[in-house]
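Those letters in the sequence shown? Residues 218 to 316, per this note's numbering, in order.
Where a beta carbon is used, it is the ideal one built from N, C-alpha and C, also for glycine.
This one's a predicted model, so the numbers in the text were calculated from it and none came from an experiment.
The block underneath contains the structure these notes are about, expressed in structure tokens.
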Amino acid sequence: MGSKSAQKAARASGRRQERNKPIRSEVKTNIAKAEKLISEGNLKAAQGAVATAVSALDKAAEKKVIPGNNASRRKSRLLKKLNKAEAQPKSKTEPEKAA
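Structure representation (structure tokens):
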């Protein structure tokens with residue numbers, strides 16, 4: 218089986234995993250929602266979703282659920298996508314009619 222200390226470490230690891238799972242899940246869900254809104258072009262809603270995702274990433278990093286650099290990298294990538302979408306000119310939904 219393993220030593221008593223190894224068994225205790227395995228139990229503790231399991232408890233931490235169960236505690237961290239919903240936090241990780243929330244982070245992934247928030248990022249996915251924000252990316253979906255960005256890709257759809259709904260920038261007003263996307264800004265709020267990005268703010269929520271960034272907050273969730275910060276909280277997860279603060280609780281040591283994910284490493285700080287991981288959170289920073291993911292925030293950077295998400296904000297880069299949002300800024301790129303905001304910088305693109307508005308595309309017209311209807312093509313212009315030739316006169």
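Alpha-carbon spacing of residue i relative to residue j, whole angstroms
i       : j       : result
Ala-227 : Arg-236 : 14 Å
Ala-251 : Arg-290 : 16 Å
Arg-232 : Ala-277 : 17 Å
Lys-261 : Gln-234 : 35 Å
Gln-305 : Val-271 : 22 Å
Leu-296 : Asn-287 : 14 Å
Lys-238 : Asn-259 : 30 Å
Glu-279 : Ala-273 : 10 Å
Ala-223 : Lys-281 : 22 Å
Residue i, DSSP secondary structure in three states
i       : result
Pro-284 : coil
Gly-231 : helix
Ser-293 : helix
Ser-256 : helix
Gln-224 : helix
Pro-306 : coil
Element boundaries [alpha helix (DSSP H), containing residue i]
i       : result
Gly-265 : 260 to 279
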